[in-house]
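Line by line, the protein sequences give chains A and B. Read left to right, the first sequence gives residues 787 to 1190 (the working numbering). Read left to right, the second sequence gives residues 6 to 183 (the working numbering). The C-beta atom is built at its ideal place from N, Cα and C for all residues, glycine as well. One structure is given below, encoded as structure tokens.
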Amino acid sequence: MTEVTELSRPEGDVPDTREVLLNLGPQHPSTHGVLRLVLELDGEYVARVDPHIGYLHRGTEKLAESFTYTQIFPLTDRLDYLCPPSNNLAFALAVEKLLGIQAPIRAQYIRVLMAELARISGHLMITGALPMDLGAMTALLYAMREREMIMDLMEMISGARMHTSFCRVGGVREDLPDGFFPKIREFCEIFPNRIRDYERLVENNRVFLKRTHGIGVISAEDGIDLGLSGPNLRASGVDWDIRRDEPYEIYDRLAFNVITRDEGDCYARWRCRVEEMRESVRIIEQCLDQMPEGPFQVDMPTIAFPVDKDRVHCSMEALIQHFDLSAYGFKVPKGEVYSAIEAPKGELGFYIISDGSQKPFRMKVRAPSFVNLQALFGVSNARYLADMIAVLGSLDPVMAEVDK
Amino acid sequence: MSAKTPLNRAPIAERFGGAIEDLGFAHGVHAFAAPPETIVELCRFLKEHPALRFDFLSDICGVDHHPEAPRYEAVYHLYSLPNKWRVRIKCRLGDPPRVPSVTGVWRTANWHEREAWDMYGIRFEGHPDLRRIYMWEGFEGFPQRKDFPLRGYRDKLNPFGAEGPPPTQPDLATRNIP
Chain A
787 MTEVTELSRP
797 EGDVPDTREV
807 LLNLGPQHPS
817 THGVLRLVLE
827 LDGEYVARVD
837 PHIGYLHRGT
847 EKLAESFTYT
857 QIFPLTDRLD
867 YLCPPSNNLA
877 FALAVEKLLG
887 IQAPIRAQYI
897 RVLMAELARI
907 SGHLMITGAL
917 PMDLGAMTAL
927 LYAMREREMI
937 MDLMEMISGA
947 RMHTSFCRVG
957 GVREDLPDGF
967 FPKIREFCEI
977 FPNRIRDYER
987 LVENNRVFLK
997 RTHGIGVISA
1007 EDGIDLGLSG
1017 PNLRASGVDW
1027 DIRRDEPYEI
1037 YDRLAFNVIT
1047 RDEGDCYARW
1057 RCRVEEMRES
1067 VRIIEQCLDQ
1077 MPEGPFQVDM
1087 PTIAFPVDKD
1097 RVHCSMEALI
1107 QHFDLSAYGF
1117 KVPKGEVYSA
1127 IEAPKGELGF
1137 YIISDGSQKP
1147 FRMKVRAPSF
1157 VNLQALFGVS
1167 NARYLADMIA
1177 VLGSLDPVMA
1187 EVDK
Chain B
6 MSAKTPLNRA
16 PIAERFGGAI
26 EDLGFAHGVH
36 AFAAPPETIV
46 ELCRFLKEHP
56 ALRFDFLSDI
66 CGVDHHPEAP
76 RYEAVYHLYS
86 LPNKWRVRIK
96 CRLGDPPRVP
106 SVTGVWRTAN
116 WHEREAWDMY
126 GIRFEGHPDL
136 RRIYMWEGFE
146 GFPQRKDFPL
156 RGYRDKLNPF
166 GAEGPPPTQP
176 DLATRNIP
């Protein structure tokens, strides 16, 4: 454990000798990044917790104000780096609403397919990492094996394993490559059995059960009050999924179940995510079956690069537009938009104010992990220091997204 | 991306009358402009009215409209889980910006308000613990204000920063960690 520090107190406040201040982090494996928890300990009991964040603050929102809309995509990749396609999608949707355009149907299927692959990749991380935090290393190693398959698929689509930046305003960057369909079909066939493997590894493990069952219970009312969203809130019995309730892209054409649990404890949060991976595989299979042929980008020379590169080489107007688009970006009409999607961690919203120029006047990211982390204040039944680790692991915050 | 039934605006108009300006519906969100002194009452009303039930606070953020006046704005995004409506409340603030805190209505407002304070210097009155959240204790200035340079001010830790001393912030009260 990390060093014990006495922090400054208001004058006249004599520290109770029974209580110890403990710094957990910012460099500690179980804090999933650079989170620092200042814990007030009474023996093994946690009397108070004060999360300190900001160690990874990069000023995404400030930077975005000086970037063109296309340049912002790589910034969004670096929010929740376990699932960049979801972040790209959320941002693209917000800008498209301001522009009043919609991506072609094929592009929408590609985006949803990638977002669901990303959801599996993000959920795999916690499926393995929560047992690892509690001492069971094996599950994480198996989860990484399957995550590697997703990484390979991402590399096939976009050339990048992690920071794909594949979305564009008005579509995606390229069409799916040759030979992609057999690969992803193979993944969809293998993966559900692998989920069963993780469950068999962990779900009857007595140590894991003892440390997650009934620990860190968050009631539905508390969860809503604390702003929890996504699987964290669904594990408390709130039946809310933005994919179903405010369908974006082509989610209204897909059949999937919204997974909820009633317990609201660490185990329920873990369990919700494991079952959501099964639903994601179903969604991917439907996307593959339904995906039509067609363009992968809107045919608007002022917003998207021409699909046919020869046009740029042969026509002067097309060359000028291509240069203009790469050098200055495109203008977005004046207005405001708040657009939220169901990201793997919860409600990911982009609030963009446009002043009619090529750069956003203000971009606010409603990062789900930032809000979910606050729930550390609202848990009950997590009295031991060791329970704190289980609660933190089960809330699944990604510090890059918390700190923006 | 909208709910099946449109937002029922009648109770809000009935209760607040002319104090709240209706900015209309765009991109799935209904927007209102409210003066800062009504914000807590309005939020509580939207949350507790049986026909509205905006029980989920999505987001609070600050906006700097420099050099316009009034310069600052606090923007609240609310969501109604039962009715699936979204509402945006825009609250223009003068300089120095002050607005009552809604932490008494939703606990989740705590960190959102700390972030707006940290980045824009908007003081949320009645907030239980208004400390900086991203920047370190003792940082001077509010980095997301439009007059704060993108690369910060030049000092011994930041050789690439802009010229000029950081502006003094008389009301910059950063308290020690308890």
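Given L885 of chain A as reference, the closest of A:D1141, A:M1185, A:D1182, A:M918 once Cα atoms are compared: As a first step, residue 885 of chain A must be located in the first sequence, where it is residue number 99. Considering only alpha carbons, the answer is A:D1141.
Please name the residue, chosen from B:G67, B:Y139, B:V80, B:V34, that lies closest to K883 of chain A on a Cα-to-Cα basis. In the first sequence, residue 883 of chain A corresponds to position 97, counting from 1. When only C-alpha atoms are compared, the closest one is B:V34.
is_contact[A18 of chain B, chain A] using C-beta, thresh 8 Å: As a working mapping, residue 18 of chain B is identified with position 13 in the second sequence. With 8 Å as the cut-off, A18 of chain B does not count as an interface residue toward chain A.
Using a Cβ-Cβ distance under 8 Å, would A56 of chain B count as near chain A? Here residue 56 of chain B is taken as the residue at index 51 of the second sequence, counted from 1. No, because no Cβ of chain A sits closer than 8 Å to the Cβ of A56 of chain B.
Which residues in the same chain have their Cβ closer than 7 Å to the Cβ of N1158 of chain A, if we skip the five residues on either side of it in sequence? What you label residue 1158 of chain A is simply residue 372 of the first sequence in a count that begins at 1. Around N1158 of chain A: L1014, N1018, K1131, G1132, L1181, P1183.
To the nearest angstrom, report how far apart G23 of chain B and I839 of chain A are at their CA atoms. As a first step, residue 23 of chain B is located in the second sequence; it is residue number 18 there, counting from the start. As a first step, residue 839 of chain A is located in the first sequence; it is residue number 53 there, counting from the start. Taking the straight line joining both Cα atoms gives about 41 Å.
For R959 of chain A, the three-state DSSP class (helix, strand or coil): Within the first sequence, the letter at position 173 stands for residue 959 of chain A. The answer is coil: DSSP assigns R959 of chain A none of H, G, I, E or B.
CB L939 of chain A to CB F967 of chain A, shorter than 8 Å? Taking the first residue of the first sequence as position 1, residue 939 of chain A is located at position 153. Taking the first residue of the first sequence as position 1, residue 967 of chain A is located at position 181. L939 of chain A is not a Cβ neighbour of F967 of chain A, given a cutoff of 8 Å.
For N1218 of chain A, does the three-state DSSP call read helix, strand or coil? Because chain A spans 787 through 1190 in this model, residue 1218 of chain A falls outside it and cannot be assessed.
Hey, could you find the ends of the beta strand (DSSP E) R128 of chain B is sitting in? What you label residue 128 of chain B is simply residue 123 of the second sequence in a count that begins at 1. Unbroken beta strand (DSSP E) run through R128 of chain B: 128 to 130.
Going by beta carbon distance, what residues of the same chain come within less than 7 Å of A850 of chain A, once the five residues before and after it are set aside? Locating residue 850 of chain A in the first sequence gives position 64, counting from the first residue. Within the same chain, A850 of chain A has close Cβ partners I858, L861, P1146, M1149.
Could you check whether the Cβ of K883 of chain A sits closer than 8 Å to any Cβ belonging to chain B? Locating residue 883 of chain A in the first sequence gives position 97, where the first residue counts as 1. Chain B contact via Cβ: present.
Please report whether the beta-carbon of W111 of chain B lies at a distance below 8 Å from any beta-carbon of chain A. Taking the first residue of the second sequence as position 1, residue 111 of chain B is located at position 106. Chain A contact via Cβ: present.
Which two residues bound the contiguous beta strand (DSSP E) that contains S1140 of chain A? Walking along the first sequence from the start, residue 1140 of chain A turns up at place 354. Start and end: 1132 to 1140.
With D123 of chain B and Y1137 of chain A assumed to form a contact (beta carbons below 8 Å), what rounded beta-carbon distance in angstroms separates them? As a first step, residue 123 of chain B is located in the second sequence; it is residue number 118 there, counting from the start. As a first step, residue 1137 of chain A is located in the first sequence; it is residue number 351 there, counting from the start. The beta carbons of D123 of chain B and Y1137 of chain A sit about 17 Å from each other, so the pair does not count as a contact at 8 Å.
Beta carbon of V1044 of chain A nearer than 8 Å to that of R1020 of chain A: Working through the first sequence from its first residue, we reach residue 1044 of chain A at position 258. Working through the first sequence from its first residue, we reach residue 1020 of chain A at position 234. Yes.
Thinking C-alpha only, which one of A:G1009, A:D1085, A:R905 is nearest I1070 of chain A? As a first step, residue 1070 of chain A must be located in the first sequence, where it is residue number 284. When A:G1009, A:D1085, A:R905 are compared, the shortest CA-CA separation from I1070 of chain A is found for A:R905.
Out of B:A38, B:G29, B:R58, point me to the one whose CA is closest to P185 of chain B's CA. Residue 185 of chain B is absent from the model: chain B starts at 6 and stops at 183.
Can you give me the Cβ contacts of T1046 of chain A inside the same chain, cut-off strictly under 8 Å, excluding the 5 residues immediately before and after it? In the first sequence, counting from the first residue as 1, residue 1046 of chain A sits at position 260. Closer than 8 Å at Cβ, skipping near neighbours: R1020, A1021, G1023, V1024, D1025, C1058.
Is the stretch 917 to 927 of chain A touching the stretch 1099 to 1111 of chain A, taking contact as three or more C-beta pairs under 8 Å? no
By the three-class DSSP mapping on this structure, what secondary structure does K52 of chain B have? On the second sequence, residue 52 of chain B is found 47 positions in, with the first residue counted as 1. Three-state DSSP puts K52 of chain B in a helix.
Among A:T856, A:E989, A:Q894, whose alpha-carbon lies nearest the alpha-carbon of T1088 of chain A? Here residue 1088 of chain A refers to the residue found at position 302 of the first sequence. Out of A:T856, A:E989, A:Q894, A:T856 has the C-alpha closest to the C-alpha of T1088 of chain A.
Chain A within 8 Å of V34 of chain B, Cβ atoms only: Taking the second sequence and counting its residues from 1, the one referred to as residue 34 of chain B is at position 29. Chain A contact via Cβ: present.
Can you list the residues of chain A that H82 of chain B reaches, using a CB-CB cut of under 8 Å? One-based indexing of the second sequence puts residue 82 of chain B at position 77. Simply Y1124, G1135, Y1137, R1152.
Counting Cβ pairs, one atom from each stretch, are 3 or more of them under 8 Å apart for the stretch 861 to 881 of chain A and the stretch 995 to 1008 of chain A? no
Quick check: is the beta carbon of V107 of chain B nearer than 8 Å to any beta carbon in chain A? Position 102 of the second sequence, counted from the start, is the residue given in the question as residue 107 of chain B. For V107 of chain B, the answer is no, since every Cβ of chain A falls outside 8 Å of its Cβ.
Going by alpha carbons, who is nearest to V1188 of chain A out of A:P815, A:L827, A:T846? To locate residue 1188 of chain A, count along the first sequence from 1; it is residue 402. That would be A:T846, whose Cα lies nearest to the Cα of V1188 of chain A.
R136 of chain B to R119 of chain B, Cα distance in whole Å? Position 131 of the second sequence, counted from the first residue, corresponds to residue 136 of chain B. Position 114 of the second sequence, counted from the first residue, corresponds to residue 119 of chain B. Straight-line Cα distance between these residues: approximately 6 Å.
Less than 8 Å separating the beta-carbons of L962 of chain A and I943 of chain A? Along the first sequence, one-based indexing puts residue 962 of chain A at 176. Along the first sequence, one-based indexing puts residue 943 of chain A at 157. Yes, the Cβ-Cβ distance between L962 of chain A and I943 of chain A is below 8 Å.
Does the beta carbon of Q1160 of chain A come closer than 8 Å to any beta carbon on chain B? Numbered from 1 along the first sequence, position 374 holds the residue referred to as residue 1160 of chain A. Cβ-Cβ to chain B under 8 Å: yes for Q1160 of chain A.
What residues in the stretch 996 to 1015 of chain A have a beta carbon less than 7 Å from any beta carbon of chain B? I1010, D1011, L1012, G1013
Between A:I976, A:F952, A:N979, A:V824, which has its C-alpha nearest A901 of chain A's C-alpha? By 1-based counting over the first sequence, the position of residue 901 of chain A is 115. Out of A:I976, A:F952, A:N979, A:V824, the CA that lies nearest to the CA of A901 of chain A is found in A:F952.
Kindly confirm or deny that the stretch 922 to 930 of chain A and the stretch 815 to 827 of chain A touch, where touching means at least three C-beta pairs closer than 8 Å. no
Alpha carbon to alpha carbon, how far is H999 of chain A from D828 of chain A? Give it in angstroms, no decimals. The residue you call residue 828 of chain A lines up with position 42 of the first sequence. The residue you call residue 999 of chain A lines up with position 213 of the first sequence. Their Cα atoms are separated by approximately 23 Å.
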